[in-house]
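To start, the structure under review is shown below, and the notes come after it.
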Amino acid sequence: MTRKMAFSSIMTALTVVCLYGSVVLPTGKIALLAMTSLCVLVTQAECGTKFALIQFLASALIGSLLVPFKSQIVIFILFIGYYPIIKSHMERIGKRWLEWLVKILFFNAVLIVAYFTLKYFLLAYINFGTIFNIVLSHLIFVVIIAEIVFVLYDYMLSMLASYYINVVQKRLRINK
56 MTRKMAFSSI MTALTVVCLY GSVVLPTGKI ALLAMTSLCV LVTQAECGTK
106 FALIQFLASA LIGSLLVPFK SQIVIFILFI GYYPIIKSHM ERIGKRWLEW
156 LVKILFFNAV LIVAYFTLKY FLLAYINFGT IFNIVLSHLI FVVIIAEIVF
206 VLYDYMLSML ASYYINVVQK RLRINK
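Taking my numbering, the leading residue of the sequence shown gets 56, the next gets one more, and so forth.
Dropping the structure here:
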């Protein structure tokens, strides 16, 4: 139990560092944001779902307090931070086509929640003018591009999880 707490705490710190870096560094923003998912995935592989969920919540809270610009925190909280936890449970369904259907439906639900969150809570008092109107007028293309990016993200996360479990985890022997 103590090892799991220590490990998840270290991964929480690494997640917050990646979140902070994704804001302040001039390049590598998307890669650092994706690394936050990897941190949650590694915690789940080593410590289980409960510790991964605690790590996500702690990272979201600490990141909200420390990271100067909140756009990366919003992305982390709305999707990237907890998706590895949800993904592992979705992949236990057994039928690949059903797994993908559930993943796509879940992602679309997240997109809808993110859209209404941005529209009514975060952007309600900000006038973005032309850029926001262009995005809204081409919403179907934005959604299609988001779906493609999601499939690539899910595939890369699966490859990284497989590599971690089959290669790195055996060499680290953390739980031994």
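Using N, Cα and C, we set each Cβ at its ideal position, and we do this for glycine too.
Everything numeric in this text was worked out from a predicted model, so none of it was measured.
Judged by their CB atoms, I140 and Q99 are nearer to each other than the 7 Å cut-off.
Counting of Cβ neighbours within 10 angstroms places V79 among the exposed residues, the total staying below 16.
For F196, the three-state secondary structure derived from DSSP is helix. For C102, same chain residues with a beta-carbon under 7 Å away, outside a window of 5 residues either side, are K59, F62, S63 in chain order. G118: member of the alpha helix (DSSP H) spanning 104-121, first to last residue. Remark: three or more beta-carbon pairs, one from each stretch, lie closer than 8 Å, so the stretch 204-223 and the stretch 82-96 are flagged as touching. With a contact defined as Cβ atoms closer than 8 Å, I132 and A115 qualify at about 5 Å.
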